[in-house]
Amino acid sequence: MKVPKHFASDNFAGVHPDILKAIASANSGHYKAYGADKYTDAAIKKFHDHFGDRIDVYFVFGGTAANVLGLKMITESYHGIVCAESAHINVDECGAPEKFTGCKLLTVPSPDGKITVEQVSHFLSAFGVEHHNQPKVISITQTTEMGTVYTPEEIETLAAYAHQHDMLLHVDGARLANAAASLDLHLSDLTTDVGVDVLSFGGTKNGLMFGEAVIFFKRSLSKNFKYLRKQGMQLLSKMRFISAQFDAYLSNDLWLKNARHANAMAQLLASELEKIPTISITQKVQANAVFAIFPKEIIPTVQEKYYFYVWNEHSSEVRLMTSFDTTKKEVKGFVEAIKDTLKQK
1 MKVPKHFASD NFAGVHPDIL KAIASANSGH YKAYGADKYT DAAIKKFHDH
51 FGDRIDVYFV FGGTAANVLG LKMITESYHG IVCAESAHIN VDECGAPEKF
101 TGCKLLTVPS PDGKITVEQV SHFLSAFGVE HHNQPKVISI TQTTEMGTVY
151 TPEEIETLAA YAHQHDMLLH VDGARLANAA ASLDLHLSDL TTDVGVDVLS
201 FGGTKNGLMF GEAVIFFKRS LSKNFKYLRK QGMQLLSKMR FISAQFDAYL
251 SNDLWLKNAR HANAMAQLLA SELEKIPTIS ITQKVQANAV FAIFPKEIIP
301 TVQEKYYFYV WNEHSSEVRL MTSFDTTKKE VKGFVEAIKD TLKQK
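Take the sequence shown: its position 78, counting from 1, is numbered 78 in the UniProt record's numbering, and each next residue is one higher.
Below, the structure written as C-alpha cells:
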C-alpha cells in the first residue's frame, strides 16, 4: 500500500540521487570482499578528513548495530550505561543493547532529551560496590530524540566528567549531520575536538540507502573490534556498496546540504504551525524535528493525507520529521490540511 505524504520519519525518505549514482558506479567490475577494495579505502580517507587521522572506522548495516557493537566494545557485562529515558538505545532497540552487552541501562528523566553531569553523578555512589552495576559509559544522542541539539560545550563537559571518573562518552549520531548543520559547525567540532570516545555515525536518515559507521577516537578502544563486528553479523561481504555511499556522502558537502535543507523545512513547518492558535510547539526546533500539541480530534483525519506519529497519546503531542527531500509545497500542503480539518471540526 502506498504511504501518503508524510512527516513521520526521515527514514521514510528515499535515497539521494548522488548516493544512487555512487552505488551504481561501485557495481561495475569485481573487487575483493569484506572491505579490501578501493571504495572502502576512499571512504575511510573521507572519514579521516572530517574526523582526524587518529580514528578507527568500521561500517555496519544499521544504527542499532552501530550502537550495540560500539557499546559492547567498551564495556563489560557488569557495567552500567547512563542515558536519557527517551534514548533510542533505551526505547527503540528492542532491548538489544542490554541483551548483547549484558550491561544495565541507567536512565535519567529528560524533558528535552539531554542529560547533565549532575544527573550522571547520582550513579557514582555505585563505584566499587560489588552489588551494583559499575557506571562505565555516558551515552547521548545528537540530535536528541526530542529534536534538540547538544552544544560543543555541553558535550565537552560530559566527556571531561566521564574521563575524570574512568568512564567513556558514547554518542548516538544518527542525526549528527543535522546537529552540525544547525550549529554551523564541522563534524569534528562535535566529536573529535570535545572528547567523544565512540560515535555511531548515521547516514540512512540523511540520504543513504543503508549503512552506518562506528568510529573510535582512540585506537586503543577498538582493538579486536573487527572480530566483534563479524561475530555480531555486521561484516558485509560486498562492503563497497556501503563505502561508496559514505564516500559520496562526505564529498562536496552533500551531508551538510541535505541536513541544512531538512532543518530549514522544519523551521518553515514550525513557523507555519505557530500561526494556528490551537497548536503549540513543545520543544525548541533546532534540527529536523518539530514536536507539537495537536487537537486530538483532528489527528486521524490529517494522518489520512499526511502521515505522522503521535508521540504522546495522553497529551496529543505529535512528532513531525522533515527530510533532505521535503519540499516547501509539502509543508504548505500539510499546514493547509490541518487548517481545513480544523474548520470541519
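Cβ coordinates follow ideal geometry from the N, Cα and C atoms, glycine included. Predicted model, so just to flag it, every value in this text is computed and none were measured.
Rounded separation between residue i and residue j - CA only
{"i": "Val290", "j": "Val149", "result": "13 Å"}
{"i": "Leu20", "j": "Thr322", "result": "20 Å"}
{"i": "Ala84", "j": "Gly211", "result": "25 Å"}
{"i": "Tyr307", "j": "Leu221", "result": "42 Å"}
{"i": "Thr191", "j": "Gln344", "result": "49 Å"}
{"i": "Pro135", "j": "Phe216", "result": "20 Å"}
{"i": "Ala262", "j": "His30", "result": "36 Å"}
{"i": "Ala87", "j": "Asp18", "result": "31 Å"}
{"i": "Gly52", "j": "Ala264", "result": "29 Å"}
{"i": "residue 367", "j": "Trp311", "result": "Shown here, the chain extends from 1 to 345; a query on residue 367 therefore has no answer."}
{"i": "Gln267", "j": "Val129", "result": "48 Å"}
{"i": "Ala177", "j": "Trp255", "result": "6 Å"}
{"i": "His170", "j": "Arg54", "result": "17 Å"}
{"i": "Ile44", "j": "Ser243", "result": "8 Å"}
{"i": "Tyr39", "j": "Ser251", "result": "13 Å"}
{"i": "Glu145", "j": "Val91", "result": "10 Å"}
{"i": "Thr301", "j": "Gln283", "result": "24 Å"}
{"i": "Gly62", "j": "Leu69", "result": "11 Å"}
{"i": "Thr75", "j": "His16", "result": "36 Å"}
{"i": "residue 355", "j": "Lys223", "result": "Look at the range of the chain in this structure, 1 to 345, and you will see that residue 355 is not part of it."}
Which listed residue (the options) has its alpha carbon closest to that of residue i
{"i": "Glu297", "options": "Lys226, Lys205, Ser315", "result": "Ser315"}
{"i": "Lys226", "options": "Phe246, Ile155, Val57", "result": "Val57"}
{"i": "Lys339", "options": "Ala244, Asn206, Pro277", "result": "Pro277"}
{"i": "Ser121", "options": "Ile138, Leu105, His131", "result": "Ile138"}
{"i": "Ala270", "options": "Arg260, Asn288, His261, Trp255", "result": "Asn288"}
{"i": "Arg229", "options": "Trp311, Arg240, Lys114, Ala213", "result": "Ala213"}
{"i": "Ile140", "options": "Val198, Asn178, Phe123", "result": "Val198"}
{"i": "Glu313", "options": "Arg54, Ile299, Ala259", "result": "Ile299"}
{"i": "Ala36", "options": "Glu272, Gly333, Leu235", "result": "Leu235"}
{"i": "Arg175", "options": "Glu274, Pro295, Phe334, Gln286", "result": "Gln286"}
{"i": "His186", "options": "Arg260, Ile293, Asn11, Lys305", "result": "Arg260"}
Limits of the alpha helix (DSSP H) - the one that residue i falls within
{"i": "Asn312", "result": "Here Asn312 belongs to no alpha helix (DSSP H); instead the beta strand (DSSP E) covers 309 to 312."}
{"i": "Ile338", "result": "328 to 344"}
{"i": "Ser48", "result": "Here residue 48 turns out to be His, not Ser, going by the sequence shown. First-last of the alpha helix (DSSP H) with His48: 38 to 51."}
{"i": "Glu118", "result": "117 to 121"}
{"i": "Asp18", "result": "17 to 26"}
{"i": "Tyr161", "result": "152 to 164"}
{"i": "Thr101", "result": "96 to 101"}
{"i": "Asn263", "result": "254 to 273"}
{"i": "Leu183", "result": "176 to 183"}
{"i": "Gly29", "result": "First-last for Gly29: undefined, no H or E at that position."}
{"i": "Asn206", "result": "Premise fails: Asn206 is in no alpha helix (DSSP H) and is neither H nor E."}
{"i": "His88", "result": "88 to 91"}
{"i": "Phe225", "result": "225 to 231"}
{"i": "Thr64", "result": "63 to 73"}
For residue i: DSSP bridge partner residues
{"i": "Glu317", "result": "Ile293, Asn312"}
{"i": "Thr107", "result": "Cys83"}
{"i": "Ile138", "result": "Val82, Leu169"}
{"i": "Ile215", "result": "Val57, Leu199"}
{"i": "Ile281", "result": "Ala292"}
{"i": "His6", "result": "Tyr307"}
Residue burial classification, residue i (beta-carbon count within 10 angstroms, cutoff 16)
{"i": "Asp49", "result": "exposed"}
{"i": "Phe127", "result": "exposed"}
{"i": "Pro109", "result": "exposed"}
{"i": "Ser200", "result": "buried"}
{"i": "residue 350", "result": "Limits of the chain in this structure are 1 at one end and 345 at the other, which puts residue 350 out of reach."}
{"i": "Met239", "result": "buried"}
{"i": "Cys103", "result": "buried"}
{"i": "Asn67", "result": "buried"}
{"i": "Lys205", "result": "buried"}
{"i": "Leu182", "result": "First, the amino acid is wrong: residue 182 is Ser here, not Leu. Counting Cβ neighbours within 10 Å, Ser182 comes out buried, since at least 16 surround it."}
{"i": "Met233", "result": "exposed"}
{"i": "Gly203", "result": "buried"}
Residue i: first and last residue of the uninterrupted beta strand (DSSP E) it sits in
{"i": "Tyr249", "result": "Careful: Tyr249 lies outside any beta strand (DSSP E), inside the alpha helix (DSSP H) at 240 to 249."}
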